[in-house]
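So the structure is just underneath, and the comments pick up after that.
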Amino acid sequence: MDKSTLKKVDKRDHFNSRIGFILAAAGSAVGLGNIWKFPYQVGQNGGGAFVFVYIIFIIFIGLSVAITEMVIGRSGKSNVIGCYGKYNSKFKIVGWFGMIASLLLYAYYAVVGGWTIFYLVKAVTGQFGAASVGSFETMFDSFCQSPIQLIIYQIIFLVITAFIISKGISGGIEKYCKVLMPGLFIMLIIMAIRSITLPGALKGVEWYLKPDFSKIKGSVLVSAMGQAFFTLSLGVGTMVTYSSYLKSDENIGTTSISVTIFDTLVALVAGFVILPAVFAFNLEPSEGPGLVFETLPHVFSQMPFGTLFAIIFFALLIIAAVTSSISMLEISTTFVVEKTKMNRKKATWLLTLLIFLLGIPVVMGFGPWRHVQLAGKTFFNIYDYFVSNITMPLVGLFGTILVGHIMKKDIVMNELTNNGTINVKLKMVWYTLVRWVIPIILFLISLQSLGILKI
Ligand code: PFF
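My numbering puts the first residue of the sequence shown at 161, with every later residue one more than the last.
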């Protein structure tokens, strides 16, 4: 490395503490993906069978790809495009692809983030009491029909995130994750207990846990893979960008394992909150993106101190969503700042404006443009399919090719073992997965998601 690069690397911000990085990575991973998306994906993809495939994908693919992305990020020490292009400049395109996906991802994520703020307002104004049962479905529907309301809440969400990120990385991110994520987890456990003990809920528990293997089709595999990437924040450059700030004595393997375990637990518990309640209240599990927002008020209405619970829960959910969106915006902010030398604040706000505009079709697609569809998909579905089911697995695929076949083995192993100073037990298992098994599976899944292969 020549002197000027060294200087640049030295100047890069660092996570101050080990726990700071884990929490920021966990803060990115744990978000709406766990609590909003996972339950409705389970609902749309046949219950236990989806959960089964999802867990297998998380263990054998998600975790390994997380480690892969951390290796790429820490050894690249640059923005996402610099990191992917460091060992072969053709791979810059992978970084570009990820970054563009991160913008689209944030565009619809912020719309749903806005929903959580709307629901906090509803909770604060006491609208989840037992008396309001029956109006919960229409509450969500009529909210979605009003683009003005959606836009107002989307803007509030975007502004909160931009405000935090414009303050800079360690100060901005670490502070907010430390206490709140465990708090959210505890809330979910309490809510799950309430949900499981509702009359009629056990049918939902069974449906959630008992895999009906006949339901596993190509589309279920594609959705489960998309969900595994989405929930662990993989395939868009987030973990690459975050790890580029990671000090060289951090243990990539154990960090990835902690984040993956915590993230998966949160999603599984969220499933126990939502799906039993869906059955108890005779709702439709395949409802789609509105599922959680239509189900949760019912749960709160059946809890002692339901309103208080609802307020705390939605406040924590907003924070979880914001820590995830911070990480999405960080990708392009880091890139713009490093490329154009624009000041961080300005880059953040300009990108936020762009993302707001990209979100407008999504907003309209929930209301007046509901009928504008491509292959049966609304704007929301199109954005989400493109990001979660096409881009994320593809970026993951090329990431594994980069680490498994382009980077020299000893560079990869040095990165993983901190130059041989730590003993990483299953490193050869990981390396074999990354070199051969995962690229083949991701290639097949990508063919399926692109409609080239049909199983
Ligand atoms: N993992 C986040 C969630 O589950 O809500 C979503 C996400 C964040 C995906 C950051 C990708 C990303 F880069």
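Backbone N, C-alpha and C define an ideal beta-carbon position, used for all residues, glycine too.
Here the structure is a predicted model, which means the values were calculated and not measured.
State yes or no: is the C-beta of PHE181 nearer than 7 Å to some heavy atom of the ligand PFF?
No, the ligand PFF has no heavy atom inside 7 Å of this Cβ.
DSSP bridge partner residues for GLY505 (one or two, in chain order):
The sequence as given places Lys at residue 505; Gly does not occur at that position. Its beta-bridge partners do not exist; DSSP assigns none.
Simplified DSSP assignment, three categories, for LEU369:
Here LEU369 sits in helix by DSSP.
DSSP beta-bridge partners for LYS537?
Beta-bridge pairing links LYS537 to LEU534.
Considering only C-alpha positions, which residue in the set LEU562, GLY431, PHE432 is nearest to MET230?
The shortest C-alpha to C-alpha distance from MET230 to any of LEU562, GLY431, PHE432 is the one to LEU562.
Excluding the 5 residues flanking GLY564 on each side, which residues of the same chain have their C-beta closer than 6 Å to its C-beta?
If we look at GLY564 and ignore the five residues flanking it on each side, its Cβ neighbours are VAL594, ARG595.
Could you pull out every unbroken beta strand (DSSP E) segment of at least 3 residues lying fully inside the segment 409-488, listed in chain order?
Runs of the beta strand (DSSP E) lying entirely within the segment 409-488 and spanning at least 3 residues: none are present.
So is the beta-carbon of VAL522 under 7 Å away from any non-hydrogen atom of the ligand PFF?
No, the beta carbon of VAL522 sits no closer than 7 Å to any heavy atom of the ligand PFF.
Neighbour-count burial assignment, THR298, 16 or more Cβ in a 10 Å radius:
Taking all protein chains in view, the Cβ of THR298 is surrounded by fewer than 16 other Cβ atoms within 10 Å, so the residue is classified as exposed.
Cβ of MET488 versus every heavy atom of the ligand PFF: is any distance shorter than 7 Å?
Judged by the Cβ position, MET488 qualifies as a neighbour of the ligand PFF at the 7 Å threshold, a heavy atom of the ligand being closer than this.
Quick one: Cα of PHE558 to Cα of ALA361, how far?
Their backbone Cα atoms lie some 43 Å apart in a straight line.
Select from HIS531, SER487, LYS537 the residue whose C-alpha is nearest the C-alpha of GLY187.
The shortest C-alpha to C-alpha distance from GLY187 to any of HIS531, SER487, LYS537 is the one to SER487.
Between SER262 and GLY364, how many whole angstroms is the CB-CB distance? I'm expecting something under 8 Å.
About 34 Å; that fails the 8 Å criterion.
Using the C-alpha atoms, what's the distance from PHE373 back to VAL589?
Computed Cα separation, rounded: 28 Å.
Can you check which of these residues, LEU451, LEU381, ILE325, is closest to TRP126 by C-alpha distance?
Residue 126 is absent from the model: the chain starts at 161 and stops at 615.
SER403 and ARG234 - do their beta-carbons sit closer together than 8 Å?
Cβ atoms of ARG234 and SER403: closer than 8 Å.
Any 3 or more C-beta pairs closer than 8 Å across the segment 478-492 and the segment 266-276:
Note that the segment 478-492 touches the segment 266-276; at least 3 beta-carbon pairs, one per stretch, sit closer than 8 Å.
Simplified DSSP assignment, three categories, for HIS565
In this structure, HIS565 counts as helix in the three-state DSSP scheme.
Nearest-angstrom Cα separation, counted from PRO445 out to SER355:
Looking at the backbone, the Cα of SER355 and that of PRO445 are separated by about 15 Å.
Measure the beta-carbon distance from SER609 to ILE550 and round it to whole angstroms, keeping in mind my assumption that it falls under 8 Å.
By a beta-carbon distance limit of 8 Å, SER609 contacts ILE550. Their separation comes to about 5 Å.
Contact defined as beta carbons within less than 8 Å: I believe ILE227 pairs with GLY413. What is the distance between those atoms, to the nearest angstrom?
6 Å between Cβ atoms; contact.
On the criterion of 16 or more Cβ atoms from any shown chain inside 10 Å, does ALA388 qualify as buried, or is it exposed?
Looking at its Cβ environment, which holds 16 or more other Cβ atoms inside 10 Å, ALA388 is buried.
When the Cα atoms are used, what is the spatial distance from GLY289 to SER461?
Between GLY289 and SER461, the C-alpha separation is close to 5 Å.
VAL597 in three-state terms, based on DSSP
In the structure shown, VAL597 falls within a helical segment according to DSSP collapsed to helix, strand and coil.
Buried or exposed: ILE182, going by 16 or more other Cβ atoms within 10 Å of its Cβ?
Answer is buried; the Cβ neighbour count reaches 16.
Using the Cα positions of TYR405 and SER548, report the straight-line distance between them to the nearest angstrom.
One C-alpha to the other measures close to 25 Å.
Starting from TRP196 and walking both ways along the alpha helix (DSSP H), at which residues does that stretch end?
Run containing TRP196: none; DSSP gives neither H nor E here.
Taking ILE311 and VAL572 to be in contact with their CB atoms under 8 Å, please state how far apart those CB atoms are, rounded to whole angstroms.
Contact between ILE311 and VAL572 is ruled out by a C-beta separation of about 46 Å, above the 8 Å threshold.
Taking 7 Å as the cut-off, does the CB of THR276 come closer than this to any heavy atom belonging to the ligand PFF?
No, Cβ of THR276 sits at least 7 Å from all heavy atoms of the ligand PFF.
In or out: ASP544 buried (at least 16 other Cβ within 10 Å) or exposed?
By the beta-carbon neighbour count (other beta carbons within 10 angstroms, threshold 16), ASP544 is buried.
Find out if the Cβ-Cβ distance for the pair GLN232, ASN411 is shorter than 8 Å.
First, the residue type needs correcting, since residue 232 is Ile and not Gln in the sequence shown. No.
By the DSSP assignment, the alpha helix (DSSP H) with PHE175 in it spans what residues?
Unbroken run through PHE175: none, as it is neither H nor E.
If you compare alpha carbons, which of ALA440, GLY180, PRO449, ASN194 is closest to LEU425?
Of the listed residues, the one whose Cα sits closest to LEU425 is ASN194.
Is ALA535 near the ligand PFF, in the sense that its beta carbon is under 7 Å from a heavy atom of that ligand?
No, Cβ of ALA535 sits at least 7 Å from all heavy atoms of the ligand PFF.
In the DSSP assignment, find the alpha helix (DSSP H) that holds ASN587 and state where it starts and stops.
Sequence check: residue 587 is Lys here, not Asn. Where LYS587 is concerned, the enclosing alpha helix (DSSP H) starts and stops at 587-592.
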